[in-house]
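Let me begin by presenting the structure, written as structure tokens, before commenting on it.
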Amino acid sequence: MPKQRALATPSAVLALVAPALAQEEGSRDLRGSLNFQGRYLVSVQDADMVASAYVNGALGPREGKDTLAVIPLDGDPRSWEAAEIFASNSVAGPPAAVDITPDGRFAYVIETFTPRPENDEPHTFGDMSIGEVLSIFDLAEPSAPKVVGKIKIPGRPQSVRSNATGDLLAISYSFQGGGGAETPLQIFPINNDGTLGEPTSPEIPGWSLGKGELIDMAWHPNENILALADRFGNTLRFGRVTSDLTLEMFGNVVDIERTPFRVFFTPDGNHVVANALYWGSDIAGTWIEAPKGGIVTVRMNAETRDDGSVRHAFVDHVKTGVSPEGLAVSPDGRWVATTNLERSYLPYDDERITWWSSITLARLDQDTGQLQEVGTFNYDGVLPEAAVFDNSGDYLAVATYDHFDDRKTGGSIDFWRIQADPLDLDNVQLIKTEHSVPVARGAHSMVIAR
């Protein structure tokens, strides 16, 4: 008779692994590793208003000043901390108030609205004026960012984006309330020292200044092509930036879902990913009772016609949580994520409040543009407006504006992990880790230096 093999008891297994565990205890967190890859994160924080000011206009108590924060991503994640410096900015716009040059050397922050008055009297949103400042920061030492310039720009900038080669900067402007811009778009040359040359204000053929709003734009990863999102027209169009910084539109205007807010090209440059908020004047509270939002994909140059013209095509869509303001695409093209406000920003005594926010994760096939919803994952945070994937695409950093527990001051940058069940690879979870870096209250826009 074959000799039976004794089963290892739990205590025996522990005895076998205990030396290894003891050896590693001083070097890593045994409750779960965080292998978030990148050089540093850059976020901006609007300290002028509590989240509920979106609803009742009351800015609430002052909590510090607006900041730009830089979080170096080296060493033990448990020791990561933010280096912060004053940078006037506002959450009242898309979460696109900061961008960096591709080499990570310079950061640009736009001021959509000015800071609140300095006195301690109760203030409302109407006490802030339209902003008209662009601040430039040198990030050569990420742990000690330096302001190296401020320039006056037209009022109420919406989004700021650097191109793939780091020699052009695009800024979009809102015409709601008036800010003095000639067109919704300006393009600046970027000098070697990070300063900006004289801008152009290119016309966008077919654009209606009275009806459209250039809420965001994205640069192609390989060419000086801009994808332009019209928030009110619910459209996406494409323009090529010429050597004299004018804009040549090409292809058709693509109808996309309602209230696009952010746009990104896929890493291969063949598709554009956009979010859809479903806000509007026919929604109760404009956005408060909005339905679930969505993610859409559009294929650029989907077809070439006999006359040489091209046709862009709407490809796919999936649902998200409510009000998906933030959008991120992983650098390997596998994933798309949205940060969903839900109704976390409502005053605590409003019965419509959701005591959670959420993140939606979707699979992306960047060859075809097809999307597959993985799920929407709730968490205990207020008004998350931005997220970025790390270099591996396995982790997500999320900017949390504020916290429900008012004893906890400030906002935070929280780290999430994408994890598949080893025994069921179709079961993919997005998990909020214990790792978090405190920043000033009001985190709302964020990028990563890869």
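Going by mature numbering (1 follows the signal peptide of the UniProt record, and there is no 0), the letters in the sequence shown line up with residues -22 to -1, 1 to 428, in that order. The C-beta atom is built at its ideal place from N, Cα and C for all residues, glycine as well. Predicted model, so just to flag it, every value in this text is computed and none were measured.
(request) Kindly confirm or deny that the stretch 417 to 428 and the stretch 37 to 52 touch, where touching means at least three C-beta pairs closer than 8 Å. (result) yes
(request) Measure from the alpha carbon of S152 to the alpha carbon of each residue in A70, I337 and N200, then state which is nearest. (result) A70
(request) Spatial neighbours of P132 within its chain, please: CB distance less than 6 Å, with the 5 preceding and 5 following residues excluded, ordered by chain position. (result) Y151, G157, G158 and A159
(message) As a quick exercise: from F210, P123 and F355, pick the residue whose alpha carbon is nearest that of T338.
(response) F355
(request) Take S308 and list the residues in its own chain whose beta-carbon comes closer than 7 Å to its own, dropping the five residues that flank it on each side. (result) In the same chain as S308, and ignoring 5 residues on each side of it, the C-beta atoms closer than 7 Å to its own belong to F367 and G371, in chain order.
(request) Give the straight-line distance between the Cα atoms of I409 and E235, rounded to the nearest whole angstrom. (result) In a straight line, the C-alpha of I409 is about 28 Å away from that of E235.
(message) Can you tell me whether F210 is helix, strand or coil according to DSSP?
(response) In this structure, F210 counts as coil in the three-state DSSP scheme.
(message) Within a Cβ cutoff of 7 Å, which residues of the same chain sit near D7, ignoring the five residues on either side of it in sequence?
(response) Low per-residue confidence applies at D7: pLDDT is 49, beneath 50, and the placement is therefore not dependable, though the value from the model is reported in the following sentence. The answer, listed in chain order, is R56.
(message) Please state the DSSP three-state secondary structure of Y151.
(response) The three-state secondary structure of Y151, taken from DSSP, is strand.
(message) By the three-class DSSP mapping on this structure, what secondary structure does R56 have?
(response) helix
(request) Report the residue from V219, S322, I193 and K124 whose alpha carbon sits nearest the alpha carbon of E181. (result) Per the Cα distances, V219.
(message) By alpha-carbon positions, which one of N97, P73, A280 and F382 ends up nearest to P39?
(response) N97
(request) Quick one: residues in its chain with C-beta nearer than 6 Å to the C-beta of Q1, no 5 flanking neighbours on either side, listed in chain order? (result) Residue placement at Q1 cannot be trusted, given a pLDDT of 44 that sits under 50; what the coordinates show is reported in the next sentence. Taken in chain order, the list of residues that qualify is empty.
(request) Go ahead and label S221 buried or exposed: buried means 16 or more other beta carbons lie within 10 angstroms of its beta carbon, across all protein chains shown. (result) Flag for S221 reads exposed.
(request) Tell me whether E3 is buried or exposed, calling it buried when 16 or more other Cβ atoms sit within 10 Å of its Cβ. (result) Because E3 sits at a pLDDT of 49, beneath the cut-off of 50, its placement in the model cannot be relied upon, and the following sentence gives the value as read from the coordinates. E3 comes out exposed.
(request) To the nearest angstrom, report how far apart D24 and M424 are at their CA atoms. (result) 12 Å
(request) Decide if E412 is buried, meaning its Cβ has at least 16 other Cβ atoms within 10 Å, or exposed. (result) exposed
(request) Measure the CB-CB distance between F393 and A364 and report whether it falls below 8 Å. (result) no
(request) Select from P135, G35 and G144 the residue whose C-alpha is nearest the C-alpha of T161. (result) P135
(message) Between the alpha carbons of L(-9) and D54, how many angstroms are there, rounded?
(response) A caution first: L(-9) carries a pLDDT of 38, below 50, which makes its placement in the model too unreliable to give a value.
(request) Just tell me which of M278, Y86, V251 and P100 has its CA closest to the CA of S287. (result) M278
(request) Identify the continuous beta strand (DSSP E) that holds A340 and give its terminal residues. (result) A340 -> beta strand (DSSP E) spans S335 to D343.
(request) Please state if the CB of G271 and the CB of A252 are separated by a distance shorter than 8 Å. (result) no
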